[in-house]
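Just below is one structure, and these are the notes that go with it.
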Amino acid sequence: EAQVTQNPRYLITVTGKKLTVTCSQNMNHEYMSWYRQDPGLGLRQIYYSMNVEVTDKGDVPEGYKVSRKEKRNFPLILESPSPNQTSLYFCASSLGPGQPQHFGDGTRLSIL
Amino acid sequence: GQQLNQSPQSMFIQEGEDVSMNCTSSSIFNTWLWYKQDPGEGPVLLIALYKAGELTSNGRLTAQFGITRKDSFLNISASIPSDVGIYFCAGQRSYQLTFGKGTKLSVIP
């Protein structure tokens, strides 16, 4: 089954403790992206990747890092999480530019 | 970042009624997409539009890509209870996807 898988689905942690949210897709998609969803603000793009080793900033990249060492994986890294990064995060992938993106089921992060 | 204006923000309708929602932007997009999000899940693609003026249907859903490439609408005909959820429009240009803030749909049986 074609899918985008995120882990963990839920995480409660404390300020400053590094964390990584993993994202994996099994569709051989070139493009992957991370979004955060906040009440009243909708989904905002954090980072995206056009292919292996090629990444770029979205609208809200501050406080986040990403890497794309393999085509199927696109982890989101919070080096020093802060409470304003408490949010619902989604990973998405697509075949390429202009192609519809398919989303994972989300990761709810709470930073205390 | 760019902004998409999606309206209405929320709506309550009777089962069987038709629904219409729209998105406008100050920028041109090459692709318009409509997603639906159920609680606890990620957005699911409903309809993708690739050409200005394109009108596309998916069952009871119909969406159009505006001629100016700055707007799109989604219609749902004969609503049913499972249509409840949040509907998002999204404008895509190359690798960047910009979302509207969503329309929360409630259907009264």
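Read top to bottom, the protein sequences are chains A and D.
For the first sequence, the working numbering begins at 1 and goes up steadily by one.
For the second sequence, the working numbering begins at 1001 and goes up steadily by one.
Each residue gets a CB set at the ideal place from its N, CA and C atoms; glycine is no exception.
These numbers were taken from a predicted model, which means no experiment stands behind them.
Closest by C-alpha distance to A/Ser94, out of A/Pro8, A/Gly106, A/Asp105, A/His29, is A/His29.
For D/Lys1036, DSSP records a beta bridge to D/Val1044, D/Tyr1087. Contacts with chain A at 7 Å (Cβ-Cβ) include D/Pro1043. Taking every protein chain shown into account, the CB of A/Lys57 has fewer than 16 other CB atoms within 10 angstroms, so this residue is exposed. By the beta-carbon neighbour count (other beta carbons within 10 angstroms, threshold 16), D/Ala1063 is buried.
Counting along the chain, A/Thr86 sits inside no beta strand (DSSP E), nor does DSSP assign it H or E at all. The three-state secondary structure of D/Ser1082, taken from DSSP, is helix.
DSSP lists no bridge partner for A/Val52.
The CB of A/Leu11 never comes closer than 8 Å to any CB in chain D; the least such distance is about 15 Å.
Within a 10 Å sphere around the beta-carbon of A/Tyr48 sit 16 or more other beta-carbons, which makes this residue buried. In its chain, beyond the 5 residues on either side, Leu1046, Ile1047 have a beta carbon closer than 7 Å to the beta carbon of D/Asn1058. Taken through DSSP and simplified to helix, strand or coil, D/Ala1063 comes out as strand. Non-local beta-carbon contacts of A/Lys71 in its own chain, meaning distances under 6 Å to residues more than five positions away in sequence, involve Val52 in chain order. Three or more Cβ pairs closer than 8 Å define a contact, and the segment 2-19 of chain A falls short of that threshold against the segment 36-43 of chain A. Counting only runs of at least 3 residues, the segment 13-70 of chain A fully encloses the following beta strand (DSSP E) elements, listed from N- to C-terminal order: 19-25, 31-38, 42-51, 54-57. Listed along chain A, the residues sitting closer than 7 Å to D/Gly1102 by beta-carbon distance are Gly42. Taking C-alpha positions only, A/Val54 is separated from A/Arg68 by approximately 7 Å.
Excluding its 5 nearest sequence neighbours in each direction, A/Gln6 has C-beta neighbours in its own chain below 6 Å: Cys23, Cys91, Gly104, Thr107, listed in chain order. According to the DSSP assignment, D/Leu1055 belongs to the beta strand (DSSP E) that extends over 1055-1058. Under the criterion of beta carbons closer than 8 Å, D/Ala1090 and D/Arg1069 do not qualify as touching, at roughly 14 Å. Residue burial annotation: D/Phe1088 is buried, with at least 16 other C-beta atoms found within 10 angstroms of its C-beta. Taking all protein chains in view, the Cβ of D/Gly1100 is crowded by 16 or more other Cβ atoms within 10 Å, so the residue is classified as buried. About 4 Å separates the beta carbons of D/Asn1022 and D/Phe1073, which is inside the 8 Å limit, making them a contact pair.
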